[in-house]
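A short worksheet on the structure shown next.
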Amino acid sequence: MSVARDACRRDVGALSVAAAIVWGMKRIDDIPRAADSAVTVRGLVKHYGETKALDGVDLDVREGTVMGVLGPNGAGKTTLVRILSTLITPDSGQAHVAGYDVVRQPRQLRRVIGLTGQYASVDEKLPGWENLYMIGRLLDLSRRDARARADELLERFSLTEAGKRPASTYSGGMRRRLDLAASMIGHPAVLFLDEPTTGLDPRTRNEVWDEVKRMVGDGVTVLLTTQYMEEAEQLASELTVVDRGKVIANGGIEELKAKVGGRTLRVRPADPLQLRPLAAYLDELGITGLANTTVDTERGAVLVPILSDEQLTAVVGAVTARGITVSAVTTELPSLDEVFLSLTGHRASAPQDPAPATDDAREEVAA
Amino acid sequence: MSAATTTPPAPALTPDARISLRAHVRHTGALVRRNLLWIRQDPESMFDALLMPIVFTLLFVYVFGGSIGQALGGGQDGYVQYVIPGMIAMMSMTLSQGVGTGFSQDFNSGVMDRFRSLPIGRGSVLFAKIAVEMARMLFATTVLMIVAVLVGFDIDHWAGLFAAVGLSAVFASSIMWVFLTLGVVLKNAQSVQAMGFMVLFPLQFGSSIFAPTQSMPGWLQSFTDYNPLSTLADAARGLMVGGPVAHDLWITLGWAVAITAVMAPVAIHKFRTKT
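So the sequence lines, in the order shown, correspond to chains A and B. So our numbering is basically just the index in the first sequence, starting at one, shifted up by 29. So our numbering is basically just the index in the second sequence, starting at one, shifted up by 1136.
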């Protein structure tokens, strides 16, 4: 009824009320997407016995954006994705994807989503091409269209040569690329990526990130779960941090980064004796907004918390101007543990898999 | 932040889409193709269907056939006529396990989640699996009949042979629901196989498939006489080599209907609510 009422309000003209109702309902039926929200989640709850996998989650993903859902193992990320992709039903709460209700309109919803992740995967025994062709047919493409789409996607994900080989012979990166290709067959409006790079080596991870960025460039809305701050920073524009089934923070990625202290610059002087003088010098320098440095004597480095690229440039410039020879300058993103520590005051409650080593979240900027 | 305070936009509550019969057929076809490609990719998966009829026939006819045949009063040749119809029943049971192990693998590999996130009827996945296992069963039966003729089985009634194969397939389709349930409920394919063996082994050997039950002790006979595999084997025997059929046939069909009526809803429920 609210649909009809909205339609009435919009049509203040001379149209009869009845005509407005009919017209308004028809129009909204034709375009089932609500406003510009591709994914809307309200008060979602899913319990497994005593375990509260989801304990009242709210979430909004705007159309054409990438939402990162960051949290440790057991935070409820996968449960969320499984509910949104209709694999399981919530105990209570509401969720809409591309305007469809996950509980009441699962079939229509499945037509507009793609799913790739730890659990949803391709058939290892089938060749890559056959996997894509099969999914094309299951998505009601004609034989010809399914063939063409399989060829096209293999080409796009650089798998043409491997297309005839069983997926079981693929490397980790090729497997994930095939997973991504499989989830793109139906031109989904919303794509769910459940920990797309967990277990991949750094080089392969970059490959997968590049593919995801290309897909986002095509305008698909993405909801991505991850345990890595770096992955969220690479791919997402907005971030929701979850812990024990609850959202503990959300907002723009820059906003959250500022909240958790942004990156850390690690400067290692060539001469270990320079360590403390360098730290003292940087502290005295007073580059706007810089918090105090800390000294990591074990690894012989000065740690400088930085919030912007300008600060980074200023610090590097200052070190150079001072004439101190450095053997390594790296920036580190906060680890999941540090993010949690600053957001909640306690460490990430990962039951098995600890947060990634800081080595994973390190990038060389200069030497 | 603002998310918690704004009200969700009203979704268009059109009723959920229906899947047409044609779409169902198309989906099932695509999934049958997948299962057939498995066989092409991994021909060893056909070994059981190929070797079991050969090994079991030779084993029973030449190892036990002489002495059981003597007791039956027809010697080894008489035993061939006795045991072959029973073997059709036995093999259809053993091969129907494939539905359960296949499902278990699909769940564990994540393929099932992919299927369940696609706009297809969940029944398509099921029917495709059953269709392919039925085809495997038919293949195994063909092998069995070739071996049977080679060891001296006389096919007197072709119609009876087809009827016996059909009856075995009907009964096997009811047992498939049991294995489907195991495939959904148990952790992995190995446990499905182990559990299947534990269920099938006593049923297969505690029956009239391999030997007449008259010489068995009374307590065992009361089990074998109610064992549906006995009635299935006896009905197949009646159809293929002659003898009374009707009684065993109806009891077997009754079992098939009863097992399906109980297990199909259980299997479908477990399949639907699997997390």
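Virtual Cβ for every residue (Gly too), placed ideally from N, Cα, C. The model shown is predicted, which means the values in this text are computed figures rather than measured ones.
When the options are compared against residue i, the one with the closest alpha-carbon
i, options, result
"P306 of chain A", "A:Q137, A:V348, A:L362, A:L182", "A:V348"
"P217 of chain A", "A:F369, A:L144, A:Y199", "A:L144"
"Q1217 of chain B", "B:L1262, B:D1292, B:G1236, B:L1274", "B:D1292"
"R273 of chain A", "A:K106, A:M258, A:E92, A:A211", "A:K106"
"R484 of chain A", "B:K1410, B:T1396, B:R1408, B:G1165", "Summary: the structure shown does not reach residue 484 of chain A, with chain A confined to residues 30 through 396, and so no result is reported for it."
"L1194 of chain B", "B:F1359, B:M1281, B:L1368", "B:M1281"
"T1367 of chain B", "B:D1384, B:D1290, B:Q1357, B:T1360", "B:D1384"
"A1330 of chain B", "B:T1396, B:G1236, B:R1252, B:L1356", "B:G1236"
"R1176 of chain B", "A:P156, A:R136, A:E361", "A:P156"
"Y1198 of chain B", "B:L1208, B:A1207, B:Q1212", "B:Q1212"
"S1344 of chain B", "B:T1409, B:P1221, B:G1302", "B:P1221"
"Y1215 of chain B", "B:S1203, B:S1310, B:V1314, B:Y1362", "B:S1203"
"S150 of chain A", "B:S1181, B:M1334, B:F1243, B:L1262", "B:F1243"
"M1270 of chain B", "B:P1179, B:V1191, B:N1171", "B:N1171"
"A67 of chain A", "A:D223, A:A104, A:V131", "A:V131"
"Q137 of chain A", "B:D1152, B:I1395, B:V1321, B:M1227", "B:D1152"
"K193 of chain A", "A:L222, A:L220, A:Y162", "A:Y162"
"R206 of chain A", "A:V110, A:L183, A:T322, A:E92", "A:L183"
"I1404 of chain B", "B:F1315, B:V1247, B:P1179, B:S1232", "B:F1315"
Cβ neighbours of residue i in the same chain (closer than 8 angstroms, five flanking residues each side left out)
i, result
"A278 of chain A", "L268, T269, V270, L285, K288, L372"
"R185 of chain A", "A210"
Cα-Cα separation between residue i and residue j, rounded to whole angstroms
i, j, result
"D65 of chain A", "N102 of chain A", "31 angstroms"
"A1276 of chain B", "G146 of chain A", "38 angstroms"
"V95 of chain A", "L252 of chain A", "6 angstroms"
"I214 of chain A", "A179 of chain A", "8 angstroms"
"D174 of chain A", "R1154 of chain B", "22 angstroms"
"S1245 of chain B", "G248 of chain A", "30 angstroms"
"Y310 of chain A", "L294 of chain A", "15 angstroms"
"V1398 of chain B", "R1258 of chain B", "19 angstroms"
"L304 of chain A", "I316 of chain A", "19 angstroms"
"Y129 of chain A", "G78 of chain A", "28 angstroms"
"H1160 of chain B", "R166 of chain A", "11 angstroms"
"L83 of chain A", "H76 of chain A", "7 angstroms"
"S1253 of chain B", "S212 of chain A", "10 angstroms"
"E367 of chain A", "A261 of chain A", "15 angstroms"
"G1210 of chain B", "S1240 of chain B", "45 angstroms"
"I353 of chain A", "T342 of chain A", "16 angstroms"
"F1298 of chain B", "R1162 of chain B", "29 angstroms"
"A265 of chain A", "I282 of chain A", "7 angstroms"
"L1274 of chain B", "P1353 of chain B", "35 angstroms"
"T1230 of chain B", "F1341 of chain B", "12 angstroms"
"R176 of chain A", "A1295 of chain B", "43 angstroms"
"T118 of chain A", "D1361 of chain B", "46 angstroms"
"A350 of chain A", "Q340 of chain A", "15 angstroms"
"R243 of chain A", "F369 of chain A", "30 angstroms"
"R139 of chain A", "Y199 of chain A", "27 angstroms"
"A308 of chain A", "A357 of chain A", "15 angstroms"
"V90 of chain A", "H125 of chain A", "11 angstroms"
"G1201 of chain B", "L1356 of chain B", "22 angstroms"
Same chain, Cβ closer than 6 angstroms to residue i, five either side skipped, listed in chain order
i, result
"V1402 of chain B", "T1317"
"G1238 of chain B", "K1265"
"V1393 of chain B", "none"
"D59 of chain A", "The predicted position of D59 of chain A is uncertain, since its pLDDT is 37 and thus under 50; a value taken from the coordinates is nonetheless stated next. Result list for D59 of chain A: empty, nothing under 6 angstroms."
"S1310 of chain B", "A1392, I1395, T1396"
Cut-off 7 angstroms between Cβ atoms - residues of its own chain near residue i, not counting five sequence neighbours on either side
i, result
"V1381 of chain B", "A1371, G1374, L1375"
"M203 of chain A", "L188, A191"
"T1388 of chain B", "L1303, F1307, P1364, T1367, L1368, A1371"
"S114 of chain A", "I142, L144, F221"
- Looking at chain A, which residues of the stretch 1245-1257 of chain B have a Cβ within less than 8 angstroms of any of its Cβ atoms? S1245, G1246, V1247, D1249, R1250, F1251, R1252, S1253, L1254, P1255, I1256
- Item | alpha helix (DSSP H) segments (min. 4 residues) lying fully within the stretch 191-268 of chain A | 201-213, 231-246, 258-264
- Of all the alpha helix (DSSP H) runs that stay within the bounds of the stretch 1172-1241 of chain B, which reach a length of 4 or more residues? 1183-1195, 1201-1208
- Query: When Cβ atoms are compared, which residues of the stretch 1277-1290 of chain B fall closer than 8 angstroms to chain A?
  - Reply: none
- Message: Short of 9 angstroms Cβ to Cβ, which residues in the stretch 1153-1173 of chain B face chain A?
- Response: A1153, R1154, I1155, A1159, R1162, H1163, G1165, A1166, L1167, R1169, R1170, L1173
- Task: Please list the residues of the stretch 156-185 of chain A that have a C-beta atom closer than 9 angstroms to any C-beta atom in chain B, keeping them in chain order.
- Result: P156, E159, N160, Y162, M163, I164, G165, R166, L167, L168, D169, A175
- Going along the stretch 1313-1330 of chain B in order, which residues come within less than 7 angstroms of chain A, judged by CB to CB distance? none
- Query: Given a limit of 7 angstroms on CB to CB distance, which residues of the stretch 113-125 of chain A reach chain B?
  - Reply: S114, T115, L116, I117, Q123, H125
- Taking any Cβ of chain B, which residues in the stretch 125-144 of chain A have a Cβ under 8 angstroms from it, in chain order? H125, G128, Y129, D130, R133, Q134, P135, R136, Q137, R139, R140, I142, L144
- Query: If contact means a Cβ-Cβ distance below 9 angstroms, which residues of the stretch 77-95 of chain A contact chain B?
  - Reply: Y77, D87, L88, D89
- Going along the stretch 237-268 of chain A in order, which residues come within less than 7 angstroms of chain B, judged by CB to CB distance? none
- Query: Along the chain, which unbroken stretches of the alpha helix (DSSP H) at least 4 residues long are found entirely within the stretch 1326-1393 of chain B?
  - Reply: 1354-1362, 1364-1377
- Message: What are the residues in the stretch 1173-1206 of chain B lying within 7 angstroms of chain A by C-beta distance?
- Response: L1173, W1174, Q1177, D1178
- Task: Give, in chain order, every residue of the stretch 185-198 of chain A whose Cβ lies closer than 8 angstroms to some Cβ of chain B.
- Result: P195
- Item | Segments of 4+ residues assigned as alpha helix (DSSP H) that fall wholly inside the stretch 293-354 of chain A | 304-314, 338-351
- Message: Closer than 7 angstroms between beta carbons: that is the criterion. Which residues of the stretch 283-294 of chain A meet it against chain B?
- Response: none
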